[in-house]
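I have placed the structure first, in the form of structure tokens, so that the comments after it can refer back to it.
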Amino acid sequence: MKLSREEVEHIAQLAHLKLSEDEKIQYAEQLSDILEYAARLNELDTEEIPPTARVLDRKLRLRADQSLPGLSTQEVLKNSPESRDGQFKVPPVLGE
Amino acid sequence: MADLTQLSLTEALQGLQRGDFSSRELTQAYISRIQTLEPVIHAFITLDLEAALSKAVLADRLLSTNEENLPPFTGLPLAIKDVLCLEGVRCTCGSMILENFVPPYTATTVQRLLDAGVIPLGKTNTDEFAMGSSTENSAFGPTHNPWDVDRVPGGSSGGSAAAVAARMTPAALGTDTGGSVRQPCSFCGTTGIKPTYGRTSRYGLVAYGSSLDTVGVITRNVADTALLFQHIAGFDPLDATSAQEPVPTYTLPDSPDLKGLRIGVPEEYFIEGIQPEVEQAVKKAIQHMEGLGARAVPIHLPHTEYALPAYYIIAPAEASANLARYDGVRFGPRIGEGETLWEMFSETRGVLFGAEVKRRIMLGTYALSAGYYEAYYGKAQKVRALIKEDFIEAFKQVDLIAAPVAPSTAFKFGEHANDPLAMYLEDVFTLPASLAGIPGLAFPVGYDKNKLPVGMQLMGPHFSEPLLFNVGHAYQLASNWHKCWPEDELIKNTAFEKKEEIR
């Protein structure tokens, strides 16, 4: 499995990561190596094996549907780089 | 007064409760040692020493009342890995993207220790978002191994393990997703538990691989590990995958008797390429346990070699989803003001995430992307089932499994700098237990020719922590490796001599 530079750019776009030219070259090589290593998994026949959803064989529980106290708006906004009127402030969603 | 930092956690608690010394004296002893050693070791990202000292004064007031029902750890200083939230103290996860994040809430495991009376000294260094095996991926610079400062302490909980080994704290909280408690314990000569998945709450632990993440403890011996772990384990309604099994009281044996115990020795963990001294030390420890009455049984875990490729698909896939939340909106600094939202996301993440985190996000994004999901993530989750099945089969024949923690002792800085795959291979013996969700107890069983510690891990079935603690404690009753610490040549040499006598 060899990743092309275009594929690296596509993945970076999906992951919202702006990469430098050097990083693109480096990741193309390193990710190819890792994926090649991961291809060893294909040595195993897993046709009849169900994938592991959880490691403990227990039912997931549901909590009661009741409202519980949470953080105040002020506490939630405290760590944001920009907020206004009790909301997160972000740059324009669409360009000019 | 004797050096209080030489006391184990258990001894320190006894001293506090008897009034041999105050919490202020104990805390000050650790603060002084931190102030001396931190410039060399760099075990911490954030220190909270002034607050610690004021809390110690308050603890002394409580202790002086001689009340019966004081919280069990009243006045005990402790370090916390910087991926666990403590309200009001910044939590960086070793990343620039959370450089200034001050959590408005506290992780359940941390809260339980605060309720038990613990005094936080600070937040310990970690590979960025716990992704790494050396702390070299910390945006705040690496931690140095107290046994040899030119070497890594292991990772990702390397700050916690180094702080314990250098006696800058009696114990520390760590986290283990693929070996992040056990491997640094092996490299630093400390004792620590990676619990059963779901045994400790993940609430307030900054998520990396959610189906693998566990919170554990790092201490100087098994008795301390059991005592500390007792107070963080247990069901938490705030974590949807928290296990509801009641937590037993971890009582430990008084004498080193392992009669009737069947210890599985998996051939797949003693492979070519392992450092010969590691193999020898672990095999000697197993013989030692046989001398205490246990029976060693050769076993096979046939899918062991597939744990590494499976883990390095599953964990990055989960990480790529978990780390999507760092986008310059809710936490951390923002890069690229004035542009569109999407450009701001990419720039913030591209600039503030480190190389390894970006690598794993890319890998995980690829493994989950359309057309590749089944081939990679789906396949890895099926192989995970085979690895888990290996252990279930093995535990029909044996009570627990003994193996090395890592293929080598602590390596030098930069040894794997340009080869991520070589770094991943460091985790080859810790990943299977992580994928199977079973517990692993790591503790020292010897040294190599450079006097670097060698660690062994005992792995048991789900929720077998009591058995692991019992066996580990029995071994430590009959050995002295856990009493060897760096810095003080005399202690080290004495322990080496004693060990020779036992043989």
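Quick note, the sequences are listed as chains A and B, same order. Residues in the first sequence are numbered consecutively from 114, following my numbering. Residues in the second sequence are numbered consecutively from -1, following my numbering. Backbone N, C-alpha and C fix where the C-beta goes; we use that ideal spot for every residue, glycine too.
Straight-line Cα distance separating residue j from residue i
i, j, result
"B/Asn468", "B/His480", "15 Å"
"B/Tyr201", "B/Ala105", "5 Å"
"B/Glu97", "B/Thr122", "14 Å"
"B/Tyr304", "B/Gln181", "19 Å"
"A/Pro164", "B/Pro418", "27 Å"
"B/Ala433", "B/Gly86", "The question names Ala, but residue 433 of chain B in the sequence shown is Leu. Near 34 Å, if we compare the C-alpha coordinates of B/Gly86 and B/Leu433."
"B/Ser462", "B/Gln26", "37 Å"
"A/Gly179", "B/Asp58", "First, the amino acid is wrong: residue 179 of chain A is Gln here, not Gly. When rounded, the distance between both Cα atoms is 41 Å."
"B/Arg501", "B/Lys282", "Low local confidence applies: a pLDDT of 34 at B/Arg501 is under 50, so the model's placement there is unreliable, with the coordinate-based value given in what follows. Cα to Cα, the separation comes out at about 10 Å."
"B/Ile331", "A/Ser133", "The sequence shown places Pro at residue 331 of chain B, not Ile. Their Cα atoms are separated by approximately 20 Å."
"B/Asp388", "B/Asn135", "32 Å"
"B/Phe71", "B/Asn448", "37 Å"
"B/Leu299", "B/Ile390", "10 Å"
"B/Leu7", "A/Leu181", "37 Å"
"B/Ile359", "A/Leu127", "10 Å"
"B/Ala161", "A/Gln187", "35 Å"
"B/Ile29", "B/Asn67", "28 Å"
"B/Pro151", "B/Thr189", "14 Å"
"A/Glu142", "B/Glu126", "22 Å"
"B/Leu259", "B/Asp397", "7 Å"
"B/Pro244", "B/Tyr206", "26 Å"
"B/Arg218", "A/Gly183", "38 Å"
"B/Leu11", "B/Val147", "30 Å"
Three-state secondary structure (DSSP) of residue i
i, result
"B/Pro451", "strand"
"B/Val38", "helix"
"B/Met457", "strand"
"B/Leu7", "helix"
"B/Val396", "coil"
"B/Leu439", "strand"
"B/Tyr445", "strand"
"B/Ala283", "helix"
"A/Val206", "coil"
"B/Thr363", "helix"
"B/Gly262", "strand"
"B/Asn468", "helix"
"B/Val327", "coil"
"A/Phe201", "strand"
"B/Arg357", "helix"
"B/Leu525", "It is not possible to answer for residue 525 of chain B, since the shown part of chain B is limited to -1 through 501."
"B/Asn143", "strand"
"B/Thr124", "coil"
"B/Cys83", "coil"
"B/Ile269", "coil"
"A/Gly183", "coil"
"B/Val215", "strand"
"B/Lys410", "strand"
"B/Ala294", "strand"
"B/Arg149", "strand"
"B/Lys192", "strand"
"B/Ile333", "coil"
Chain-order list of residues whose beta-carbon lies under 7 Å from that of residue i (same chain, five-residue window excluded)
i, result
"B/Ala472", "Pro251, Pro254, Asp255, Leu256, Leu290"
"B/Tyr422", "Leu306, Tyr310"
"B/Ala365", "Ile311, Pro314, Ala315, Tyr374, Tyr375"
"B/Asp234", "Thr106, Ser199, Tyr201, Ser240"
"B/Tyr370", "Tyr364"
"B/Gly232", "Val245"
Beta-carbon proximity list for residue i, same chain, < 6 Å, skipping 5 on both sides
i, result
"B/Gly362", "Pro314, Ala315, Ala317, Ser318"
"B/Leu531", "A question about residue 531 of chain B goes unanswered here, because the residues of chain B that appear run from -1 up to 501."
"B/Gly177", "Asp425, Thr428"
"A/Ser196", "Leu190, Lys202"
"B/His414", "Ala420, Met421"
"B/Ile230", "Thr107, Arg110, Thr198"
"B/Glu345", "Ile333, Gly334"
Beta-carbon proximity list for residue i, same chain, < 8 Å, skipping 5 on both sides
i, result
"B/Ile524", "Nothing can be reported for residue 524 of chain B, as the shown portion of chain B is limited to -1 through 501."
"B/Tyr103", "Cys83, Glu85, Gly202"
The ligand PLP heavy atom lying under 7 Å from the CB of residue i
i, result
"B/Pro442", "Looking for the ligand PLP in the displayed structure turns up nothing, as the structure carries no ligands at all."
Could you run through the segment 185 to 204 of chain A and flag, in chain order, every residue whose CB is less than 8 Å away from some CB of chain B? Listed in chain order, the positions of the segment 185 to 204 of chain A with a beta carbon within less than 8 Å of a beta carbon of chain B are Glu188, Val189, Lys191, Asn192, Ser193, Pro194, Glu195, Phe201, Val203, Pro204.
Against chain A, which members of the segment 445 to 472 of chain B pass a CB distance test of less than 8 Å? Listed by position, the residues of the segment 445 to 472 of chain B near chain A (Cβ gap below 8 Å) are His460.
Taking only beta carbons into account, state which residues of the segment 122 to 136 of chain A come closer than 9 Å to chain B, listed in chain order. Within the segment 122 to 136 of chain A, the residues whose Cβ lies closer than 9 Å to some Cβ of chain B are His123, Ile124, Ala125, Gln126, Leu127, Ala128, His129, Leu130, Lys131, Leu132, Ser133, Glu136, listed in chain order.
Should the segment 399 to 419 of chain B be called in touch with the segment 171 to 189 of chain B, which here means at least 3 C-beta pairs below 8 Å? Flag = yes, the segment 399 to 419 of chain B and the segment 171 to 189 of chain B touch.
Whether or not the segment 235 to 244 of chain B and the segment 271 to 283 of chain B are in contact is what I'm after, with contact meaning three or more pairs of Cβ atoms, one per stretch, closer than 8 Å; do they touch? Segments in contact, no.
Is the segment 440 to 460 of chain B in contact with the segment 379 to 388 of chain B, if contact means three or more CB pairs nearer than 8 Å? These segments do not touch.
Contact residues within the segment 376 to 400 of chain B, judged by C-beta distance below 7 Å to chain A: Per Cβ criterion, the list reads Gly376, Lys377, Ala378, Gln379, Lys380, Val381, Arg382, Ala383, Leu384, Lys386.
Relative to chain A, which residues along the segment 193 to 213 of chain B have a C-beta separation below 9 Å, given in chain order? Of all residues in the segment 193 to 213 of chain B, Thr194, Tyr195, Gly196, Ser209, Leu210 have a Cβ within less than 9 Å of some Cβ in chain A.
Identify each residue in the segment 135 to 149 of chain A for which the Cβ-Cβ distance to at least one residue of chain B is less than 7 Å, and report them in chain order. Taking 7 Å as the Cβ-Cβ cut-off against chain B, the residues of the segment 135 to 149 of chain A that qualify are Tyr140, Gln143, Leu144, Asp146, Ile147.
Residues of the segment 97 to 130 of chain B with Cβ closer than 9 Å to any Cβ of chain A, in chain order: Answer in chain order: Asn98, Phe99, Val100, Pro101, Pro102, Tyr103.
Cβ contact (3+ pairs, closer than 8 Å) linking the segment 33 to 46 of chain B and the segment 140 to 150 of chain B: Because the criterion of three Cβ pairs below 8 Å is met, the segment 33 to 46 of chain B and the segment 140 to 150 of chain B touch.
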